[in-house]
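Residue numbers (the UniProt record's numbering): 1 to 199.
Just so it is clear, CB atoms sit at the ideal spot from N, CA and C, and this is done for glycine as well.
Just so you know, these numbers come straight off a predicted model, no measurement behind them.
Working notes, beginning with the structure itself.
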């Protein structure tokens, strides 16, 4: 009789420990779900590109980012737009036509999160944000030229939701050109806004 009583107590203890460990595991899993562990984000951006010696044009593009850690990331960008006639071309005639008027650019950038913080869009829930710097190299096709391009930039990123990022960017695309008949370094500046999905 005493043996059966001890056995019932032992089984009850084991079941209690099992239930408590299950509750602890569930709480840990819920807590780990709150940890932001996304390494990639892809997105679309639009904005205005100032093409030196030509006009400012609306652009659309895509980007993909790999976050190596909380400080460093690498990014690929691709954009395209069609250049309208400049004021010089309107009076003197187009310098080039057809597909040569399509401005196409891509680059590979390395970025550094300079300042990271939190913001409160609504309520008491904190959202991550960061100010970052980027630099890298790429290629620009415009006016029949295919130019190796250096890219410098700065941006600000806000996590609207856990998996949605809103980015505001400034870029300077620097390359050699002689479209207008003189060799020079062109600085094409861009302002854009992007919406990216993290996963």
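Return the first residue and the last residue of the beta strand (DSSP E) that residue 142 is part of. 127-142
Proximity to residue 188 [Cα-Cα], best of 199, 162, 147: 147
Could you pull out every unbroken alpha helix (DSSP H) segment of at least 4 residues lying fully inside the region 59-136, listed in chain order? 87-92
Can you list, in chain order, the residues of its chain with a C-beta nearer than 7 Å to that of residue 145? Leave out the 5 residues immediately preceding and following it. 177, 179
Cα-Cα separation between residue 75 and residue 98, rounded to whole angstroms: 31 Å
Give me the Cα-Cα distance between residue 90 and residue 73, rounded to the nearest whole angstrom. 43 Å
Alpha-carbon spacing of residue 103 relative to residue 162, whole angstroms: 34 Å
Closest Cα partner of residue 53 within the set 193, 115, 181: 181
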